[in-house]
Amino acid sequence: MWNDAAGYETYVGHWSRSVAPRFLDWLELSTGLRWLDVACGTGAVTAAILERFNPEEVVGLDASSDYLASAQASCRHRRVRFVVGDACVLSFPSTSFDVSVSGLALNFTASDRALAEQHRVVRPGGMIAAYVWDYAGEYEFARRFWNAALSIDPRAAAYDPGRKATICHEQNLRDALDSHAAFGTLRSASIHAPQLMTPAAKPQSAMNKISGTRWWLSDAPESKLASSTTRVSSRRVKPTGMLSMDARVPLSNTSHC
Ligand SMILES: C[S@@+](CC[C@H](N)C(=O)[O-])C[C@H]1O[C@@H](n2cnc3c(N)ncnc32)[C@H](O)[C@@H]1O
């Protein structure tokens, strides 16, 4: 799924880059820290860390070498390195980071194992922070698709990330982080991040992969496919000819000591 960095950038990377700085500001952290960016993708969070925190080091980890190549190309800095790896089996020694962050990724990993690993590699008193899409609510771009799909085919529920990705519900995200906080404090908040996307951006291919739409589309009879395409198109295009990507991001952070 994660082999089209250019498609990702067109679909959601630019939006990701507008959310990451706001998320990082909310953490209220100091400069000179050692950061781990888990599932860093094309580098949106890593770039924002560099711009804002003058870190001692940032390690961006991701399973996709294609995404990492894109991150490397756009984020060259002597204190940054990118490594291929699995968020659930981190190769770093225990307590080797001050902060671990993860943007828009916990819903794609075995979140419990990924959080346990982050807890292991962050030093006592450090911070674990993450944010995910609000798939069930204000991730409007894909939400409209799924609402249209559900209205014509109940089987679409099995593919809808708003139902499948349970960690994207704020309380579930809080619970997941809380179980790894170990005597620490937990904060959560929402970011409302509207973004206009022009039809010229043609994000469909990446959206099909990332938002799970292709699995249902490949399963749906032709007649339903045509019907859903019509419904989604008629609902999403605004008179300006632009698409609104009006998504709210529940996000959480936790520190432990
Ligand atoms: C939606 S992207 C988010 C990328 C980036 N953090 C951002 O905010 O734009 C999800 C990322 O998770 C990565 N990923 C998924 N499962 C992973 C795993 N088990 N270990 C490491 N990375 C993983 C994918 O390769 C992809 O880059």
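Offset between the sequence shown (1-based) and the numbering used here: plus 634. Note that beta-carbon positions come from the ideal geometry of N, C-alpha and C, so glycine has one too.
Alanine 763 is not a Cβ neighbour of valine 672, given a cutoff of 8 Å. Judged by DSSP in its simplified three-state form, threonine 819 adopts strand. Taking 7 Å as the cut-off, the C-beta of alanine 682 does not count as close to any heavy atom of ligand 1. Between ligand 1 and phenylalanine 742, a heavy atom-to-CB distance of less than 7 Å is present. Runs of the alpha helix (DSSP H) lying entirely within the region 721-796 and spanning at least 4 residues, in chain order: 745-755 and 774-786. For the pair alanine 721 and histidine 814, the CB atoms are not nearer than the 8 Å cut-off. Around the beta carbon of valine 692, 16 or more other beta carbons lie within 10 angstroms, which makes this residue buried.
CA-CA distance, serine 652 to lysine 798, rounds to 26 Å.
The way I'd put it, the region 689-704 doesn't touch the region 653-661; fewer than three beta-carbon pairs between them come closer than 8 Å.
Relative to ligand 1, leucine 695 has its C-beta within less than 7 Å of a heavy atom. Of the other Cβ atoms in all chains shown, fewer than 16 fall within 10 Å of the Cβ of glutamine 805; this residue is therefore exposed. Contact fails between the region 699-716 and the region 733-743, because fewer than three Cβ pairs, one in each stretch, are under 8 Å apart.
Excluding sequence positions up to five before and after aspartate 700, its CB lies within less than 6 Å of the CB of Asn637 and Ala639, all in the same chain and listed in chain order. Bounds of any beta strand (DSSP E) do not take in glutamate 685; it lies within the alpha helix (DSSP H) bounded by 678-687. Within 10 angstroms of the beta-carbon of methionine 635 lie fewer than 16 other beta-carbons, which makes it exposed. Burial is judged here by how many other beta carbons sit within 10 angstroms of a residue's own beta carbon; valine 646 has at least 16 and is buried.
Cβ neighbours of serine 745 within its own chain (closer than 7 Å, five residues either side excluded): Ile801 and Ala810. The three-state secondary structure of histidine 814, taken from DSSP, is coil.
For valine 717, the uninterrupted beta strand (DSSP E) run begins and ends at 714-718, by DSSP. In this structure, the CA atom of glutamate 643 is about 8 Å from the CA atom of threonine 676. Within the DSSP bridge table, the entry for aspartate 671 names Gly694 and Val735 as partners.
An exposed status is given to arginine 715, since fewer than 16 other beta-carbon atoms sit within 10 Å of its beta-carbon. Look at tyrosine 701: its beta carbon is less than 7 Å from one of the heavy atoms in ligand 1.
In this structure, alanine 678 keeps its C-beta atom at 8 Å or more from the C-beta atom of serine 698. Under the three-state reduction of DSSP output, aspartate 638 falls in the coil class, being neither helix nor strand. CA-to-CA, the gap between arginine 712 and valine 733 works out to about 19 Å.
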